[in-house]
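Presented below is the structure to which this report refers.
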Amino acid sequence: MMLEYEHGKKRKVRNRQHQHQPKAQFLSLRYLTICLCCFFVLLFFFLSSDRISVRSDSLRPSLRVPALSVLSSMDSIQRSFHGRFPPLRVEDRVQFPDHVLLILSTRIGRGGKELVCVYHGGRKEETLVLPSISSDEFDEFRSVVRCPNAPLNYSSSVDLQFSGDLVKKKKKMSDEKKVHDWAKVGYEAVIDGDTVVVFVKGLTRRPHKESDPSYYKCQFETGVEVFVTQALAAAQEVVRCVLPESLKLNPEMFRVSVIHIDPRGRFTPALPSVARVYGSEKKSSGVKHELCVCTMLWNQAPFLREWIMYHSWLGVERWFIYDNNSDDDIQEEIELLNSENYNVSRHVWPWIKTQEAGFSHCAVRAKDECIWVGFFDVDEFYYFPTHRSQGLPSKNALSSLVSNYTSWGLVGEIRTECHSYGPSGLTTVPSQGVTVGYTCRQANPERHKSIIRPEMLTSSLLNEVHHFQMREGVGHMSLLESVAVVNHYKYQVWDTFKAKFQRRVATYVVDWRENQNQGSKDRAPGLGTEAIEPVDWNRRFCEVWDTGLKDLVLSNFADQVTGYLPWQRQQQLQQD
5 MMLEYEHGKK
15 RKVRNRQHQH
25 QPKAQFLSLR
35 YLTICLCCFF
45 VLLFFFLSSD
55 RISVRSDSLR
65 PSLRVPALSV
75 LSSMDSIQRS
85 FHGRFPPLRV
95 EDRVQFPDHV
105 LLILSTRIGR
115 GGKELVCVYH
125 GGRKEETLVL
135 PSISSDEFDE
145 FRSVVRCPNA
155 PLNYSSSVDL
165 QFSGDLVKKK
175 KKMSDEKKVH
185 DWAKVGYEAV
195 IDGDTVVVFV
205 KGLTRRPHKE
215 SDPSYYKCQF
225 ETGVEVFVTQ
235 ALAAAQEVVR
245 CVLPESLKLN
255 PEMFRVSVIH
265 IDPRGRFTPA
275 LPSVARVYGS
285 EKKSSGVKHE
295 LCVCTMLWNQ
305 APFLREWIMY
315 HSWLGVERWF
325 IYDNNSDDDI
335 QEEIELLNSE
345 NYNVSRHVWP
355 WIKTQEAGFS
365 HCAVRAKDEC
375 IWVGFFDVDE
385 FYYFPTHRSQ
395 GLPSKNALSS
405 LVSNYTSWGL
415 VGEIRTECHS
425 YGPSGLTTVP
435 SQGVTVGYTC
445 RQANPERHKS
455 IIRPEMLTSS
465 LLNEVHHFQM
475 REGVGHMSLL
485 ESVAVVNHYK
495 YQVWDTFKAK
505 FQRRVATYVV
515 DWRENQNQGS
525 KDRAPGLGTE
535 AIEPVDWNRR
545 FCEVWDTGLK
555 DLVLSNFADQ
565 VTGYLPWQRQ
575 QQLQQD
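Residue 63 in our numbering sits at position 59 of the sequence shown, and the numbers go up by one each step.
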């Protein structure tokens with residue numbers, strides 16, 4: 005009995021302890037909550053007194069850190085503890101002439117409105133905060149953010165944070181991260197079979213010529229090991245190297261850079277690099293598309309729909325869009341096209357004046373998916389005059405054309421002449437699109453555009469924007485103008501054309517504002533280096549009135565009731 009009593013007493017004591025425990029926890033939480041509230045109220049009154057400010061001298065941008073409310077502080081804490089946003093970890097920085105590119109190790113989406121760029125320095129070791137220019141998803145794992153160039157006396161080692169967060173403390177000089185100079189850096193890499201193709205600035209400026217690959221090696225860093233292999237081919241900004249055996253068997257994330265060996269055989273340190281490869285590349289299902297198209301663009305969203313819908317009608321099955329820092333609604337337009345069963349992918353390409361390298365990158369990427377790949381711009385449209393004149397159907401005409409040469413083992417490129425069209429008397433953007441609006445062109449063709457077989461290119465991937473070099477023994481087929489021609493709507497109404505003065509995407513073509521090569525075909529004849537509209541602009545470049553493609557489009561695409569074209573109808577819906 006005494007034993008049972010002792011056990012019963014112990015159980016009562018334990019029960020009383022358990023009864024008091026929740027109450028003690030509740031009181032502790034309540035006291036903690038009261039203390040936190042008091043702290044934030046004091047913090048609010050302290051900061052609202054404008055004692056804390058960040059200033060630069062009167063000739064540079066300045067920012068006063070705004071008063072922080074209790075709500076914004078709580079929002080910042082919630083963001084930190086609950087992970088409402090991914091952490092902002094900047095792994096690389098690249099200095100361009102007009103901005104600093106930050107490469108993040110996480111995906112944060114497009115826009116950048118919630119992100120601010122933080123600069124350290126100034127005469128009084130101040131901290132300066134400026135809005136970011138834009139942000140974008142870079143690849144499956146990374147994002148990019150563009151920040152304004154650092155003001156005078158501030159470090160270009162820019163930090164990044166969310167708008168509304170407490171401004172980070174200034175850095176010590178020893179903590180500053182390296183900023184890579186765009187003139188000398190490895191910037192992209194892609195696996196191609198048992199090799200890796202690396203894209204790098206600062207090795208050679210020899211346009212349209214191959215280099216001796218014995219002068220180059222590639223260095224691979226996995227975080228655990230470092231490998232060095234010999235280059236197999238090199239041209240312009242491209243170096244192709246052997247993929248290390250261990251990375252073939254067990255592909256993982258690695259950074260790759262290029263080592264240059266001088267003619268005396270002396271090694272130099274590997275060039276800085278932000279080029280990373282994340283594991284094995286995705287492989288296609290094995291069934292290749294007959295015809296794909298790759299292009300590089302900047303702010304062409306309003307013109308993309310007409311170009312894709314028309315060429316899909318001609319037989320193009322797959323689209324690779326290399327977006328070179330567009331700030332229009334290009335992503336939304338591509339998503340809309342994909343919802344309508346157009347097979348379009350957007351590849352973020354933040355590297356300025358690298359069109360040749362971008363096309364080489366696309367040729368490697370498309371090789372597993374496509375038999376033929378066309379390289380032409382959003383203002384260029386294929387047209388088949390013979391089909392029109394003889395009453396032959398033009399639908400799928402382009403894919404049928406290239407498929408006729410698929411079995412020809414010695415033909416790796418199909419060339420088509422271009423006709424350049426002028427404003428055709430217009431002063432405003434034609435509402436029915438370029439194919440209907442612009443109908444007057446120059447008499448003589450200039451240059452050509454190419455459709456190529458990626459598997460027949462040289463290993464160096466050497467190209468001149470729209471013309472690739474084939475491997476030895478492989479030739480090209482040049483089409484007669486009566487069979488096919490490319491309508492190049494090169495000189496559109498002034499409001500559209502003047503955008504060309506912003507910049508050029510080709511590596512070896514000077515910008516319009518530079519006083520060089522003013523007689524080049526890459527420029528408008530008679531136009532200088534300033535975006536000043538000539539009085540007679542709308543009547544220039546008009547020697548032959550040619551309505552062939554216009555008539556084809558209206559007869560095959562216009563709605564029989566309303567007369568609207570499909571791309572025009574979509575514009576109408578967006579306006580409504």
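Glycine is no exception: its CB is placed at the ideal position from the N, C-alpha and C atoms.
Beta-bridge pairing of residue i - partner residues as DSSP gives them
i: F271; result: I265
i: G479; result: V415
i: S428; result: According to DSSP, S428 bridges with nothing at all.
i: F388; result: DSSP lists no partner for F388.
i: S454; result: F379 and R419
i: W4; result: As shown, the chain starts at 5 and ends at 580. That puts residue 4 outside it, with no answer to give.
i: I195; result: V200
i: M460; result: In DSSP, M460 forms no bridge with anything.
i: V243; result: V202 and A238
i: N467; result: F472
i: V4; result: With the chain covering 5 to 580 only, the question about residue 4 has no answer from this structure.
i: V122; result: V133 and D163
i: S215; result: A238
i: R280; result: R259
i: D331; result: Answer by DSSP bridge pairing: none, since D331 is not bridged.
i: D185; result: Q99
Short Cβ contact (8 Å threshold) for residue i with residue j
i: R244; j: F258; result: no
i: V149; j: L119; result: yes
i: V497; j: P427; result: yes
i: P449; j: H423; result: yes
i: L206; j: L105; result: The displayed chain sequence assigns Gly, not Leu, to residue 206. Contact: no.
i: S160; j: V183; result: yes
i: Y385; j: Y314; result: It should be pointed out that residue 385 corresponds to Phe in this sequence rather than to Tyr. Yes; because the gap between Cβ atoms is below 8 Å, this pair is in contact.
i: G416; j: Q572; result: no
i: C121; j: S138; result: no
i: V565; j: V440; result: no
i: A305; j: S343; result: no
i: L295; j: W376; result: yes
i: V200; j: L253; result: no
i: I455; j: F472; result: no
i: H492; j: Y425; result: yes
i: R593; j: H452; result: Only positions 5 to 580 of the chain appear in this structure, which leaves residue 593 out of reach.
i: E241; j: A370; result: no
i: D102; j: N157; result: no
i: N542; j: G429; result: yes
i: I312; j: V348; result: yes
i: F142; j: I107; result: yes
Opening and closing residue of the beta strand (DSSP E) in which residue i lies
i: S559; result: Run containing S559: none in the beta strand (DSSP E); it sits in the alpha helix (DSSP H), G552 to F561.
i: A401; result: Segment A401 to S407 is the alpha helix (DSSP H) holding A401; no beta strand (DSSP E) there.
i: Q223; result: Y220 to E225
i: L341; result: Note, L341: premise wrong, no beta strand (DSSP E); alpha helix (DSSP H) at I334 to S343.
i: F166; result: D163 to F166
i: S349; result: V348 to V352
i: R150; result: S147 to C151
i: E141; result: S138 to E141
Endpoints, the alpha helix (DSSP H) within which residue i is located
i: F231; result: That residue, F231, is in no alpha helix (DSSP H); its beta strand (DSSP E) goes V230 to A239.
i: E129; result: From DSSP, E129 is part of no alpha helix (DSSP H); its letter is neither H nor E.
i: L106; result: Segment V104 to L108 is the beta strand (DSSP E) holding L106; no alpha helix (DSSP H) there.
i: D540; result: No alpha helix (DSSP H) contains D540, which DSSP labels as neither H nor E.
i: L251; result: E249 to L253
i: D96; result: Where D96 is concerned, there is no enclosing alpha helix (DSSP H), although the beta strand (DSSP E) it sits in stretches over V94 to Q99.
i: D499; result: W498 to F501
Review point. Can you list the alpha helix (DSSP H) stretches of 4 or more residues lying completely in the segment 283 to 329, in chain order?
Key: Those alpha helix (DSSP H) runs which fall completely within the segment 283 to 329 and span 4+ residues are 305 to 317.
Review point. Hey, is the segment 379 to 392 in contact with the segment 288 to 299, meaning 3+ C-beta pairs nearer than 8 Å?
Key: Contact annotation: the segment 379 to 392 touches the segment 288 to 299, with at least three C-beta pairs closer than 8 Å.
Point to revise | Segment contact, 8 Å Cβ cut-off, at least three pairs: the segment 207 to 223 with the segment 260 to 270 | key: A contact exists between the segment 207 to 223 and the segment 260 to 270.
Check your understanding: Do the segment 445 to 456 and the segment 538 to 550 make contact, defined as three or more Cβ pairs closer than 8 Å?
Key -> Contact annotation: the segment 445 to 456 touches the segment 538 to 550, with at least three C-beta pairs closer than 8 Å.
Check your understanding: Okay, do the segment 401 to 413 and the segment 464 to 471 touch, 3+ Cβ pairs below 8 Å being the bar?
Key -> No: the two stretches stay apart, fewer than three of their Cβ pairs being nearer than 8 Å.
Practice item. Note down, one range per segment and in chain order, each beta strand (DSSP E) of at least 3 residues found wholly within the segment 362 to 386. Key: With a minimum length of 3 residues, the continuous beta strand (DSSP E) runs that stay inside the segment 362 to 386 are 374 to 379.
Review point. Touching or not, the segment 361 to 375 and the segment 324 to 332, by the rule of three or more beta carbon pairs under 8 Å?
Key: The answer is yes - the segment 324 to 332 touches the segment 361 to 375, with three or more Cβ pairs under 8 Å.
Check your understanding: Is there contact between the segment 184 to 194 and the segment 95 to 114, where contact requires at least three CB pairs shorter than 8 Å?
Key -> Short answer: they touch.
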